[in-house]
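In the numbering used here, the protein residues as written are -3 to 326.
Yeah, the Cβ is synthetic: ideal placement off N, Cα and C, and Gly gets one too.
Everything on this sheet refers to the single structure shown next.
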Amino acid sequence: MSKTEADIGLLRALRRSPHHIPRSELAERLQVSPENVAASIAELRGAGYDIEENPHLGYKLITAPDRLIADDLAGMVEGALLGSRVLVFEKTDSTNNLAARMGREGAAEGLAVFAEEQTAGRGRLGRRWESDARMGLWFSLLLRPRFSLPLWTRLTTWAAVAIAEAIEQETNRRTMIKWPNDIYVDGKKVVGILIESHFDNSGENFAVLGIGVNVNHTQFPLELQSRAASLRMACGHPLDRMQIAAAILRKLDQWYPTLEDGFHQVVTDARERSFLNGKWIQVISGKNVTEGMVTGIDSEGCLLLRLHNGDETTISSGEATISMSGRDNS
Ligand code: BTN
């Protein structure tokens, strides 16, 4: 086992154990000498990990540094396809751009590109996405779905459901999905998702799933205050970004096969979390604006609307806003 592998193995063992682990046991598990374990512990402490040492019981991880660490994160999602390779950049324009570039260069499915800060983070409809350093999770996943192109629209609902579940699990706060894939807690947006598909003639199609999670902000610019929140604001305490990142990757990975087989489970969850159900909304889809009351989500994740004249319509993509002029028919 190389030194880096031993360090990652050590971190993984410490992260998984709620108890102290004796040095001799760690040495045996990692197949290194007890001196090597002590050296790795010293190195991890130097990197900001707070590791307690009890002379009788051994070592216990108390806190990890508030930094995204690629090897540590990769170890936390070991065995998952999504997150099978993790890269962390201190600063970039947009992780979606980086992941797309690597996708064009042939990178394998499952690559996860994180940045501590984005200088040109973007949201849907070309909007700017605030991506302040270390406040949140700004990352992109490279996907190479093997199913047929018409099914790629399912990625939107799949991502929303998996991320909503992960956030709920880590925060114990109920998460809702504002169609198509914004994640809300207490009526405010905490996660934005931007999926960009890349098609070319060679057939090497791929999608970049960009995820922005507001984690530890204590406030937002005035213009966002009525709509945006962070998980810290919702929970009342700071959160460990690495734990949340790992939980999201694991949930996405766990739900990934249902895109082809078992998508009804994804839709069932999306329906239970639907923030817009029963509300009058306006949906902008390209040049079309449709107004109506949300009556549900169909088996492909499309939005069902009842129009003013009573007709039902199905919307497959777009941006929804709650209509001020709308009537509440509930
Ligand atoms: C939205 O709600 O409009 C989508 C926001 C998506 C933001 C993420 S942050 C990581 C990735 N890189 C980007 O430039 N955008 C996405």
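{"Asked": "Give the list of continuous alpha helix (DSSP H) stretches no shorter than 4 residues that lie fully inside the stretch 218 to 306.", "Found": "227 to 231, 237 to 251 and 259 to 268"}
{"Asked": "Enumerate in chain order the residues of its own chain whose CB-to-CB distance from Cys231 is below 6 angstroms, with the five nearest sequence positions on each side excluded.", "Found": "Thr167"}
{"Asked": "Let's see if you can read the secondary structure: which residues bound the alpha helix (DSSP H) around Asp178?", "Found": "Premise fails: Asp178 lies in the beta strand (DSSP E), Asp178 to Val181, not in any alpha helix (DSSP H)."}
{"Asked": "Of the residues Thr115, Asp196 and Ala203, which one's Cα is nearest the Cα of Thr152?", "Found": "Ala203"}
{"Asked": "Roughly how many whole angstroms lie between the Cα atoms of Ala129 and Gln114?", "Found": "8 angstroms"}
{"Asked": "Pull up the DSSP beta-bridge partners for Glu24, would you.", "Found": "Looking at the DSSP assignment, Glu24 forms no beta bridge with any residue, so it has no partner."}
{"Asked": "With DSSP as the reference, identify every bridge partner of Phe85, one or two as the case may be.", "Found": "Ala111"}
{"Asked": "Spatial neighbours of Glu39 within its chain, please: CB distance less than 7 angstroms, with the 5 preceding and 5 following residues excluded, ordered by chain position.", "Found": "Asp3"}
{"Asked": "Just the Cα atoms here: how many angstroms apart are Arg302 and Val285?", "Found": "14 angstroms"}
{"Asked": "Per DSSP, what are the beta-bridge partners of Thr317 in this structure?", "Found": "Gln278"}
{"Asked": "Could you check whether Ile163 and Leu227 sit closer than 8 angstroms to each other, using their CB atoms as the reference points?", "Found": "yes"}
{"Asked": "Does the beta-carbon of Thr152, which I'm using as the reference point, lie nearer than 7 angstroms to any heavy atom of ligand 1?", "Found": "no"}
{"Asked": "Residues bridged to Gly42 by DSSP?", "Found": "Bridge partners of Gly42: none, in fact."}
{"Asked": "Hey, quick one: how far does the beta strand (DSSP E) through Thr309 stretch, first residue to last?", "Found": "Glu308 to Ile311"}
{"Asked": "Just to confirm before moving on: does the CB-CB distance between Trp276 and Ser222 stay below 8 angstroms?", "Found": "no"}
{"Asked": "Please find out if some non-hydrogen atom of ligand 1 comes closer than 7 angstroms to the beta-carbon of Ile207.", "Found": "yes"}
{"Asked": "Do Leu133 and Ile240 have their C-beta atoms closer together than 8 angstroms?", "Found": "yes"}
{"Asked": "Return yes when the C-beta of Ile189 is under 7 angstroms from any heavy atom of ligand 3, and no when it is not.", "Found": "Among the ligands modelled here, namely ligand 1, ligand 3 does not occur."}
{"Asked": "Would you report the Cα separation of Pro18 and Glu24, rounded to the nearest angstrom?", "Found": "10 angstroms"}
{"Asked": "Note down the Cα distance separating Glu308 from Val82, rounded to an integer number of angstroms.", "Found": "44 angstroms"}
{"Asked": "How many angstroms separate the CA atom of Leu121 from the CA atom of Asp46?", "Found": "43 angstroms"}
{"Asked": "So what's Gly119 in DSSP terms, helix, strand or just coil?", "Found": "coil"}
{"Asked": "Going by beta carbon distance, what residues of the same chain come within less than 7 angstroms of Arg12, once the five residues before and after it are set aside?", "Found": "none"}
{"Asked": "Can you check whether the CB of Gly314 is closer than 8 angstroms to the CB of Ile293?", "Found": "no"}
{"Asked": "From Val209, Gly183, Asp178 and Gln278, pick the residue whose C-alpha is nearest to that of Phe110; which is it?", "Found": "Val209"}
{"Asked": "Compute the beta-carbon to beta-carbon distance between Gly99 and Ser80, rounded to the nearest angstrom, for a pair I have assumed lies under 8 angstroms.", "Found": "Wrong, their Cβ atoms sit about 15 angstroms apart, outside the cutoff."}
{"Asked": "Please go through the same chain and pick out, in chain order, the residues whose beta-carbon is closer than 8 angstroms to the beta-carbon of Gly102, but skip the five residues on each side of it.", "Found": "Glu200"}
{"Asked": "Say yes only if the C-beta of Gly99 is nearer than 7 angstroms to one or more non-hydrogen atoms of ligand 1, and no if none qualify.", "Found": "no"}
{"Asked": "What residue does the alpha helix (DSSP H) around Glu161 start on, and which one ends it?", "Found": "Arg150 to Thr167"}
{"Asked": "Tell me the DSSP bridge mates of Ala203?", "Found": "Leu139 and Ser193"}
{"Asked": "Report the option in Ile191, Thr317 and Trp251 whose CA atom is closest to the CA atom of Val157.", "Found": "Trp251"}
{"Asked": "On the criterion of 16 or more Cβ atoms from any shown chain inside 10 Å, does Ile173 qualify as buried, or is it exposed?", "Found": "buried"}
{"Asked": "Can you check which of these residues, Tyr55, Asp62, Glu126 and Leu69, is closest to Asp89 by C-alpha distance?", "Found": "Glu126"}
{"Asked": "With a threshold of 8 angstroms on Cβ separation, who are the neighbours of Leu6 within its own chain once the five nearest residues in sequence on each side are excluded?", "Found": "Leu22, Leu26, Val33, Ser36, Ile37 and Leu40"}
{"Asked": "Which class does Met172 belong to by DSSP, given the choice of helix, strand or coil?", "Found": "strand"}
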